[in-house]
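Notes follow the structure.
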Amino acid sequence: MRIVVIAGLMGLLSWLPFMTAHADNGCDPVATLFAQTLCRQDFREETTDYLDAMKVPTDQRPVMIAQIEQRNRRQVMDLLWQLALAQKFGAEAITPDEKTIERFQSHFHASMDASYAADKQAVIYLRDILEKNTFDEDVTAQIKDIVKAMETGIHFYEERERQIAALPADYTFVTKSAESEVSRGLIRHWNADQLLFKTYGGRLIMGQNGPEPVDAYKDFLAYIEENGNFEAQDPAYSDIFAEIRQHINTKEEPVPTDSDMYKYYFTDPTWQFSLSNSENRLDDLRKWIEGLPRK
Numbered sequence: 001m002r003i004v005v006i007a008g009l010m011g012l013l014s015w016l017p018f019m020t021a022h023a024d025n026g027c028d029p030v031a032t033l034f035a036q037t038l039c040r041q042d043f044r045e046e047t048t049d050y051l052d053a054m055k056v057p058t059d060q061r062p063v064m065i066a067q068i069e070q071r072n073r074r075q076v077m078d079l080l081w082q083l084a085l086a087q088k089f090g091a092e093a094i095t096p097d098e099k100t101i102e103r104f105q106s107h108f109h110a111s112m113d114a115s116y117a118a119d120k121q122a123v124i125y126l127r128d129i130l131e132k133n134t135f136d137e138d139v140t141a142q143i144k145d146i147v148k149a150m151e152t153g154i155h156f157y158e159e160r161e162r163q164i165a166a167l168p169a170d171y172t173f174v175t176k177s178a179e180s181e182v183s184r185g186l187i188r189h190w191n192a193d194q195l196l197f198k199t200y201g202g203r204l205i206m207g208q209n210g211p212e213p214v215d216a217y218k219d220f221l222a223y224i225e226e227n228g229n230f231e232a233q234d235p236a237y238s239d240i241f242a243e244i245r246q247h248i249n250t251k252e253e254p255v256p257t258d259s260d261m262y263k264y265y266f267t268d269p270t271w272q273f274s275l276s277n278s279e280n281r282l283d284d285l286r287k288w289i290e291g292l293p294r295k
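Numbered per this note's numbering, the sequence shown finishes at 295, counting up by one with no gaps.
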């Protein structure tokens, strides 16, 4: 199992020092929460001006305008959510230290290497199975799809390694710095969710970034609404938490409370990488193949 992590609901906290830095430089207020003002200068608000420059057809504009508005709302929601997290727990409780970042990156790379090696072995194994032609047409097609997906992952891994190796020496530092910043953001996200889960408990559901403590989100949102004295100076953001409220009410199946995912995911930010253990993956694949119906 390859874990793909991308920036999610609660992203970076690096914007926090700017929240009160506009007293002398001017602030176009967007919203206020916990007596702190979010200014328009604190984020990159998209406008629709470029639609004219790009000569976007009139019939396509409503959809594109709605997408722009949604992206702006997501930015504001994320920033206010992060502000509330820092207010309750302190920014230092969420910000990772350098040793944790280094350890996270080490585990990540080891996981990617193990996944690559396991996928190469699995492709060889599955191609041998396919050559024996012992399955019906539907099962054969399913196995071929798995092989194709694995070969795509192998190609991307090898292409990435090739591009990194071809980089000039001067770019190595830039690449490592960028990777470090991504890791920093991912760990901040994990730290925030861990704090919420430890504080409030409740269900976990699988999201893009792994398990999400939706019941903890619900309780924390209630804390924000009760104590934050939220005020939207810009009416466009008056119901800014509607999206997270909708996410909280998801009907998706929760992660079983007796599963390793529920028990261990929030014990350490690197635990997720143990899921890509190559030996377990290959064993699981062989057991799955053995259980498939033959002709």
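C-beta: ideal position from N, C-alpha, C; glycine also. In this text the structure is predicted, and so the values were computed from the model without any measurement.
In three-state DSSP terms, what is Q233?
-> Under the three-state reduction of DSSP output, Q233 falls in the coil class, being neither helix nor strand.
Using beta-carbon positions only, say whether Y237 and R73 come within less than 8 Å of one another.
-> Yes, the pair counts as a contact, with Cβ atoms nearer than the cut-off.
Own chain partners of M261 with C-beta closer than 7 Å, once the 5 adjacent residues on each side are dropped | The answer, listed in chain order, is P211 and V255.
Which ranges would you report for the alpha helix (DSSP H) in the stretch 89 to 153 if only whole runs of at least 4 residues count?
-> Segments of the alpha helix (DSSP H) lying fully in the stretch 89 to 153: 91 to 94 and 98 to 132.
Given a cut-off of 8 Å, decide if D42 and L366 are closer than it, judged by their beta-carbon atoms.
-> Since the first residue shown for the chain is 1 and the last is 295, residue 366 is missing from the structure and cannot be characterised.
For L167, count neighbouring Cβ atoms within 10 angstroms of its own Cβ and tell me buried if that reaches 16, exposed if not.
-> With fewer than 16 Cβ atoms within 10 Å of its Cβ, L167 is classed as exposed.
Given L204 as reference, the closest of L195, E231 and D215 once Cα atoms are compared = When C-alpha distances from L204 are compared across L195, E231 and D215, the shortest belongs to D215.
So does the stretch 114 to 129 actually touch the stretch 140 to 154, counting three or more Cβ pairs closer than 8 Å?
-> These segments touch.
Below 8 Å between beta carbons: does that hold for L221 and A93?
-> Contact flag unset, no.
Is DSSP giving T58 helix, strand or coil here?
-> Judged by DSSP in its simplified three-state form, T58 adopts helix.
Kindly indicate the opening and closing residues of the beta strand (DSSP E) around L51.
-> Per DSSP, L51 belongs to no beta strand (DSSP E); it is in the alpha helix (DSSP H), D49 to A53.
Quick one: Cα of D87 to Cα of G228, how far?
-> As written in the sequence, residue 87 is Gln, which differs from the Asp given in the question. Rounded to the nearest whole angstrom, the CA to CA distance from Q87 to G228 is 10 Å.
Starting from Q246, trace the alpha helix (DSSP H) both ways and give me its first and last residue.
-> Residue range A242 to I248 is occupied by the alpha helix (DSSP H) that includes Q246.
Could you give the C-beta distance for D234 and A31, rounded to a whole number, given that I count them as a contact under 8 Å?
-> That belief holds up - the Cβ atoms of D234 and A31 are roughly 7 Å apart, short of 8 Å.
Buried/exposed call for A192, threshold 16 Cβ in 10 Å = It counts as buried.
Spatial neighbours of I65 within its chain, please: CB distance less than 8 Å, with the 5 preceding and 5 following residues excluded, ordered by chain position.
-> Cβ contact annotation for I65 (same chain, cutoff 8 Å, sequence separation greater than five): T48 and L51, in chain order.
What number of angstroms, rounded off, separates the C-alpha of S274 from the C-alpha of R61?
-> Straight across, the Cα-Cα distance linking S274 with R61 is about 45 Å.
Closest by C-alpha distance to I240, when choosing among R71, D59, M54 and K99 = In terms of Cα proximity to I240, the closest of R71, D59, M54 and K99 is R71.
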